[in-house]
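First residue of the sequence shown: 4, per the working numbering; consecutive thereafter.
All C-beta atoms in this analysis are idealised placements derived from N, C-alpha and C, irrespective of residue type, glycine included.
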Amino acid sequence: MLKFILTSIFLASSAFAALDHAPSNFNKDGESYVFVDFQSASYKIVYDVESAVAGYKAIIEFEQTHPGRPIFDVHMMPLSAHLNDKSTSVISISDPDNETRYKTIDEVLPAGVHKLELTGRIEKNIKFSSDTVRSGFWMSDLTDRHYLEQYLPSNLEYDQFAMELEVKVIGTDYEHQFFSNGSESTIGKNHFKIIFPEYFTTSSVYFHLAEIDRFKKTSFEFNSISGRTVPVRIYSKYSRGLRGITKKVQTILDELEEKFGPWGHPGLTIYISGMGGMEHSGATITSLSALGHELTHSYFARGIMPVNGNSGWLDEAVASWRDKGYKSKRTPFYSSAKLSGYSIYRRITDRKAYTEGASFMAYLNYELHPYGGLTKFLSQLYETHLHDFWTTKIFIEKLNEFSGQDFTQSFDRYIFGQRIGESNPESEHSEYHPSFSEQDYLDLL
Ligand SMILES: [Zn+2]
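As structure tokens, then:
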């Protein structure tokens, strides 16, 4: 029964998708460009070890509500494209504010449902040896276009869509394994399939492939306060990365469940990489010191999800406020700053979220003291918005509703303020999301 209830929750929440949170469609040089709603994406990846090439085939069904050129994204130009079974071509464009870039089809499509088939290469964060391949879909919210679109054709963060991924490793006898945050099955040796939950967006997916004997592993079952048993799988290159890890994860999950509510994902996959971290939905690649921060993101960032770079500050602010000990402050430490309210096309999080943002949350905690504090508010929001989106506007509305106060002026000053850019050296380089070089990313494979 519980399983049924959970499944129903997961399915019901996927209906929120659609285009409610997409940026505005735009015209450029006499052409209309429209944001679309992915219905489903089916990906097949073949890693050919012998020729050291990784290729994908993507079949995407999407709906557009207005005629125009449909917007999606993938870093590398696809090798071939078919729209509704006819050959077509893909081109790059930028948004009207020159915030970011997208891909589109070089033809105007009528409103309706369309099928897009693309083939292409994956060349990022991939390493071949003579008989093995390592591939990781590493991501970042601090760099433009750094989600799934680095590897596969995808939509922007505002869209939830059903994804399945079939993976084959050929040209080698060496056995490979993978780690993900989807429902996994093995079709044969070096042939796998993953179905991801329907509430996933382009920033949710976790996927890591390597040879079978590369990692040490451990697993346990976490007893959630919901009564559900959550399978937890942890892996690392180093035995020392796993020493005492079960207890550490257990303690953090207990803390998060007590503060915010039951774990919201089918399982939990943790890669103790020694560096970093990045959050995914019910998964993380992380250093031991960032573990608590990254698991908090399975609640805020990949549980309740941002729709774009203007809402990304919320989850970094909440997670950093939690890291600093759920503080309470009468006023934020700064006089004014801009963390949100940038171009509607912005896709990256303002780094001031870790510092100014966390301080603002401590201020909200102080203000909300008579009503049970910020954790009470966040846990209620989590209960109603799990697997759904939040924006700064939604956050303010819910906050005002919860407290019976009007926080509009505080947001105008501290979140939509005038000071753009970084002021605090701490926010330049978050200890939880350090800047990685290309070599760093490869070393994590
Ligand atoms: Zn973070």
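Helix, strand or coil, according to DSSP, for residue 382 in the structure here? Residue 382 sits at position 379 when you count from the first residue of the sequence shown. Residue 382 falls in the helix class under three-state DSSP.
Which partner residues does residue 349 have in the DSSP bridge list? Position 346 of the sequence shown, counted from the first residue, corresponds to residue 349. Beta bridge pairing from DSSP links residue 349 with no other residue.
Reduced DSSP category for residue 221 - H, G, I as helix; E, B as strand; rest coil: Within the sequence shown, the letter at position 218 stands for residue 221. Residue 221 falls in the strand class under three-state DSSP.
Assuming residue 263 is part of the alpha helix (DSSP H), what are its boundary residues? The residue labelled residue 263 in the question sits at position 260 within the sequence shown. Start and end: 248 to 263.
Report task. Starting from the N-terminal side, write out each stretch of the beta strand (DSSP E) that is 3 residues or longer and does not extend beyond the stretch 96 to 142. Result -> With a minimum length of 3 residues, the continuous beta strand (DSSP E) runs that stay inside the stretch 96 to 142 are 104 to 108, 115 to 124, 129 to 131 and 136 to 139.
Nonlocal neighbours in the same chain, by C-beta distance under 6 Å from residue 14, ignoring five residues either side: Indexing the sequence shown from 1 puts residue 14 at position 11. For residue 14, the predicted structure reports a pLDDT of 44, less than 50, and the residue's modelled location is therefore unreliable. A value from the coordinates is still provided. Excluding positions up to five away in sequence, the list is empty.
Review point. Is residue 317 closer than 7 Å to residue 398 when the C-beta atoms are compared?
Key: Taking the first residue of the sequence shown as position 1, residue 398 is located at position 395. Taking the first residue of the sequence shown as position 1, residue 317 is located at position 314. In this structure, residue 317 lies closer than 7 Å to residue 398 by Cβ.
- [ ] Give a single yes or no on whether residue 436 has its beta carbon closer than 6 Å to a heavy atom of ligand 1.
- [x] As a first step, residue 436 must be located in the sequence shown, where it is residue number 433. Yes, the beta carbon of residue 436 sits closer than 6 Å to at least one heavy atom of ligand 1.
| Does ligand 1 have a heavy atom nearer than 6 Å to the CB of residue 359? | Here residue 359 corresponds to residue number 356 of the sequence shown, with the count starting at 1. Residue side-chain check: residue 359 keeps its Cβ at 6 Å or more from all non-hydrogen atoms of ligand 1.
Open item on the list: Please report the straight-line C-alpha distance between residue 22 and residue 342, rounded to a whole angstrom.
Closed with: As a position in the sequence shown, residue 22 is number 19, starting the count at 1. As a position in the sequence shown, residue 342 is number 339, starting the count at 1. Using only the alpha carbons, I get a separation of about 24 Å.
Check your understanding: Would residue 101 be called buried (16 or more neighbouring beta carbons within 10 Å of its own) or exposed?
Key -> Taking the first residue of the sequence shown as position 1, residue 101 is located at position 98. Exposed: under 16 other Cβ atoms inside 10 Å.
Worksheet entry | Euclidean distance between Cα positions of residue 63 and residue 138 | Taking the first residue of the sequence shown as 1, we reach residue 63 at position 60. Taking the first residue of the sequence shown as 1, we reach residue 138 at position 135. If I take the Cα positions, the gap works out to 22 Å.
Practice prompt. Pull up the DSSP beta-bridge partners for residue 331, would you.
Written response: In the sequence shown, residue 331 corresponds to position 328, counting from 1. Secondary-structure assignment with DSSP links residue 331 through no beta bridge to anything.
Item to check | Cβ-based burial, residue 158 [other Cβ within 10 Å; buried from 16] | outcome: Here residue 158 refers to the residue found at position 155 when the sequence shown is read from its first residue. A residue is called buried when at least 16 other Cβ atoms come within 10 angstroms of its Cβ; residue 158 meets this threshold and is buried.
Helix, strand or coil at residue 171 according to DSSP, with G and I counted as helix: To locate residue 171, count along the sequence shown from 1; it is residue 168. Residue state, collapsed to three classes: strand.
- Identity of the residue in 131, 201, 210 and 163 nearest residue 177 by Cα: Numbered from its first residue, the sequence shown carries residue 177 at position 174. Residue 131 is the option with its Cα nearest to residue 177.
Pick helix, strand or coil for residue 305, following the three-state DSSP scheme. For the purposes of this step, residue 305 is taken as residue 302 along the sequence shown, with counting starting at 1. Coil.
Along the chain, where does the beta strand (DSSP E) containing residue 63 start, and where does it finish? Stepping through the sequence shown from its first residue, residue 63 is reached at position 60. 56 to 67 is the extent of the beta strand (DSSP E) around residue 63.
ask   = With 16 as the cutoff for other CB atoms within 10 Å, does residue 123 come out buried or exposed?
value = Taking the first residue of the sequence shown as 1, we reach residue 123 at position 120. Answer is buried; the Cβ neighbour count reaches 16.
Just list the residues that DSSP pairs residue 236 with in beta bridges. Here residue 236 refers to the residue found at position 233 when the sequence shown is read from its first residue. Bridge partners of residue 236: 222 and 272.
Discussion item. Am I right that residue 274 and residue 182 are in contact with their C-beta atoms under 8 Å? What's the rounded C-beta distance?
Written reply: Position 271 of the sequence shown, counted from the start, is the residue given in the question as residue 274. Position 179 of the sequence shown, counted from the start, is the residue given in the question as residue 182. Contact flag correct, Cβ pair sits at about 7 Å.
_Rounding to the nearest angstrom, what Cα-Cα distance links residue 272 and residue 32 in this structure?_
Taking the first residue of the sequence shown as position 1, residue 272 is located at position 269. Taking the first residue of the sequence shown as position 1, residue 32 is located at position 29. Cα to Cα, residue 272 sits roughly 46 Å from residue 32.
Backbone secondary structure at residue 446 - three-state DSSP: One-based indexing of the sequence shown puts residue 446 at position 443. In the three-state reduction of the DSSP assignment, residue 446 falls in the helix class.
Alpha carbon to alpha carbon, how far is residue 437 from residue 447? Give it in angstroms, no decimals.
In the sequence shown, counting from the first residue as 1, residue 447 sits at position 444. In the sequence shown, counting from the first residue as 1, residue 437 sits at position 434. Cα to Cα, residue 447 sits roughly 14 Å from residue 437.
What does the Cβ neighbour count give for residue 98, buried or exposed, with the cut at 16 atoms within 10 Å? Start at 1 with the first residue of the sequence shown, and residue 98 comes out as number 95. The residue is buried, with at least 16 neighbouring Cβ atoms inside 10 Å.
- request: Could I get the ranges of all uninterrupted alpha helix (DSSP H) runs contained in the stretch 195 to 220, with 4 residues as the minimum, in chain order?
  value: Fully enclosed alpha helix (DSSP H) runs of 4 or longer: not present.
- prompt: For residue 191, does the count of other Cβ atoms within 10 angstroms reach 16, so buried, or fall short, so exposed?
  reply: For this step, residue 191 is matched to residue 188 along the sequence shown. Counting C-beta atoms within 10 angstroms of its own C-beta, residue 191 has fewer than 16 neighbours from the protein chains shown and is therefore classed as exposed.
> Which term fits residue 81, buried or exposed, when burial requires 16 or more other beta carbons within 10 angstroms of its beta carbon?
Replying inline: Sequence index remark: in the sequence shown, residue 81 carries index 78 (1-based). It counts as buried.
Have a look at residue 119 and residue 87 and give me their C-alpha separation to the nearest angstrom. In the sequence shown, residue 119 corresponds to position 116, counting from 1. In the sequence shown, residue 87 corresponds to position 84, counting from 1. Whole-angstrom Cα-Cα distance: 6 Å.
At which residues does the beta strand (DSSP E) containing residue 286 begin and terminate? Locating residue 286 in the sequence shown gives position 283, where the first residue counts as 1. Start and end: 286 to 289.
Any heavy atom of ligand 1 within a distance shorter than 6 Å of the CB on residue 322? Numbered from 1 along the sequence shown, position 319 holds the residue referred to as residue 322. Yes, the Cβ of residue 322 comes within 6 Å of a heavy atom of ligand 1.
Could you pull out every residue in the same chain whose Cβ sits closer than 6 Å to the Cβ of residue 239, ignoring the five residues on either side in sequence?
For the purposes of this step, residue 239 is taken as the residue at position 236 of the sequence shown. Excluding its 5 nearest sequence neighbours in each direction, residue 239 has C-beta neighbours in its own chain below 6 Å: 219, 245 and 275, listed in chain order.
Q.
At the level of alpha carbons, what is the spacing between residue 363 and residue 350?
A. To locate residue 363, count along the sequence shown from 1; it is residue 360. To locate residue 350, count along the sequence shown from 1; it is residue 347. Those two C-alpha atoms are separated by around 22 Å.
Quiz item: If you draw a straight line from the C-alpha of residue 366 to the C-alpha of residue 360, how long is it?
Solution: Taking the sequence shown and counting its residues from 1, the one referred to as residue 366 is at position 363. Taking the sequence shown and counting its residues from 1, the one referred to as residue 360 is at position 357. One alpha carbon belongs to residue 366, the other to residue 360, and they sit about 10 Å apart.
| So, residue 262 versus residue 387, is the Cβ gap smaller than 7 Å? | On the sequence shown, position 259 is the one that residue 262 refers to. On the sequence shown, position 384 is the one that residue 387 refers to. Not in contact: residue 262 and residue 387 (Cβ atoms no closer than 7 Å).
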